[in-house]
Amino acid sequence: MVFSKEISKWYKKNQRQLPWRDTKDPYKIWISEIIFQQTRIDQGLEYYNRFVKTFPDIKTLALSDEEAVLKMWQGLGYYSRARNLHFTAIHIYNNAQGIFPSTFTEIKKLKGIGDYTAAAIASIAFGQPVAAVDGNVFRVLSRIYGIKTVIGTSTSKKQFKELSEKLMGNTDPGTYNQAVMEFGALYCKPSNPDCSHCIFKTECYAIKNNCVNELPVKTVKKQIRIRYFYYLVINESGSIYVKKRTGNDIWKNLYDFPLIETDYDANPDTIITSSLNPFKGIEYQGKYVEMKHKLTHQLIVCRFLKCTANPKIFCNDSFNKIMHEKLKILPVPRPVEEFILNHC
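Going by my numbering, the sequence shown runs without a break in its numbering and finishes at 408.
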């Protein structure tokens, strides 16, 4: 079996028609790779189209305001991706005459770009023979070749990258990398893989040894952290108080409401009167809306408490008093967006 030849042939016949596959433009390939790192194709396609329409090139993205970029990204999550895209576009525009680097080594130096993304861009846009190894590649190769190394470690990444580059041979690197990833996404899926129609079913180690569901070997899942966000929703004459999130926590540089956070479930009345509440003079109106938001290793339980307050409490640089109309154009976390749309 010549793996690279067979899978490339399969790909040319069965690939999904996606907009970034019709171009060698490294900018558009970069945007697609960043968006779909943590997002399924069906969920992210509309975001991709909207993003490249609004920011069609490095110059446009670099000269745009970060808040505009975050607003365009709103709903995709993992907002550090958007911040890194913006930062890197500015860097390329200011320091490289707006020209995207053309080698794996140089691409990998860019902020927000790791080994996989650099390899994908270098191989697809510039034809460099470097293997792009993501979850799909781990799954396809571990099952076909019976590799039982625990994935997600530096050792396994090196092992799979070396194997994939060996298998690539003289095949077009971009076609090969996309073929393996596409095969993993459409046939060799994490659960319920379509083994009956697999082009490698007569050679596949996992099929022959009845261990498809056991490969790849994964590390123990990290425990989910539960956080409780008590948002103080304070309306005042058609305006509302918001705060820009700072630091290195989730949703950095997005806007939300004045917040009290706990790591335990508690009655809103108790929270308002407890020492955890730094906002003295708040009066809870007895009504709240609850929403749950799942992240990779966190569950955020958001409770939006309708309150009244002495305006002097929020008369500082940390808070902004804005009209409701402007609230809808600010970049905000997904649960805050849902609350605004349905309850403000």
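From the three backbone atoms N, C-alpha and C, an ideal C-beta is built for every residue, glycine too.
Since residue i and residue j are thought to touch, with beta carbons under 8 Å apart, how far apart are those beta carbons, to the nearest angstrom?
i	j	result
residue 122	residue 156	5 Å
residue 278	residue 208	The Cβ separation is near 14 Å, so there is no contact.
residue 204	residue 252	5 Å
residue 79	residue 246	6 Å
residue 403	residue 368	5 Å
residue 298	residue 305	5 Å
residue 254	residue 193	With a Cβ gap of about 28 Å, residue 254 and residue 193 do not count as contacting.
residue 168	residue 189	Not quite, the Cβ-Cβ distance comes to about 11 Å (not below 8 Å), so this is no contact.
residue 295	residue 327	About 16 Å separates the two Cβ atoms, so there is no contact after all.
residue 395	residue 138	5 Å
residue 200	residue 244	7 Å
residue 472	residue 69	No information on residue 472 is available, as it lies outside the stretch 65 to 408 that the chain covers here.
Helix, strand or coil for residue i per DSSP?
i	result
residue 361	coil
residue 108	helix
residue 453	Outside the displayed range of the chain (65 to 408) lies residue 453, so it cannot be described from this structure.
residue 214	coil
residue 408	coil
residue 267	coil
residue 349	strand
residue 369	strand
residue 356	strand
residue 290	strand
residue 396	coil
residue 375	helix
residue 221	helix
residue 256	coil
residue 71	helix
residue 434	Here the chain has residues from 65 to 408 only, and residue 434 is not among them.
residue 284	coil
residue 168	helix
residue 66	coil
residue 205	helix
residue 250	helix
residue 227	helix
residue 277	helix
residue 113	helix
By Cβ distance, which residues of its chain are closer than 7 Å to residue i, with the 5 residues on each side in sequence left out?
i	result
residue 202	215, 224 and 280
residue 96	84 and 112
residue 185	90, 93, 94, 97 and 171
residue 289	361 and 362
residue 259	265, 271 and 276
residue 162	122, 123 and 156
residue 392	404
residue 233	68
Can you name, in chain order, every residue of its own chain whose Cβ lies under 8 Å from the Cβ of residue i, other than the five neighbours on each side?
i	result
residue 310	316 and 317
residue 359	141 and 314
residue 344	377
residue 239	72, 75 and 76
First and last residue of the beta strand (DSSP E) that includes residue i?
i	result
residue 303	303-308
residue 234	No beta strand (DSSP E) contains residue 234, which DSSP labels as neither H nor E.
residue 386	383-387
Identify, in the order they occur along the chain, each residue of the same chain with its Cβ nearer than 6 Å to the Cβ of residue i, setting aside the five sequence neighbours on each side.
i	result
residue 356	365
residue 125	119 and 153
residue 166	190
residue 354	367
residue 145	98
residue 175	148, 151 and 152
Over the uninterrupted alpha helix (DSSP H) stretch that includes residue i, give me the two end residues.
i	result
residue 154	144-159
Please give me, in chain order, every unbroken run of the alpha helix (DSSP H) with length at least 4 that falls completely inside the region 171-201. Listed in chain order, the complete alpha helix (DSSP H) runs (minimum 4 residues) inside the region 171-201 are 179-190.
Kindly provide the ranges of any alpha helix (DSSP H) runs that are 4 or more residues long and lie completely inside the region 74-101, ordered along the chain. List check, alpha helix (DSSP H) in window: 90-99.
Hey, which unbroken runs of the alpha helix (DSSP H) at 4 residues or more fall wholly within the region 292-347? You should have 332-337.
Mind listing, in chain order, the continuous alpha helix (DSSP H) runs of no fewer than 4 residues lying wholly within the region 116-140? Whole alpha helix (DSSP H) segments, 4+ residues: 122-126 and 130-137.
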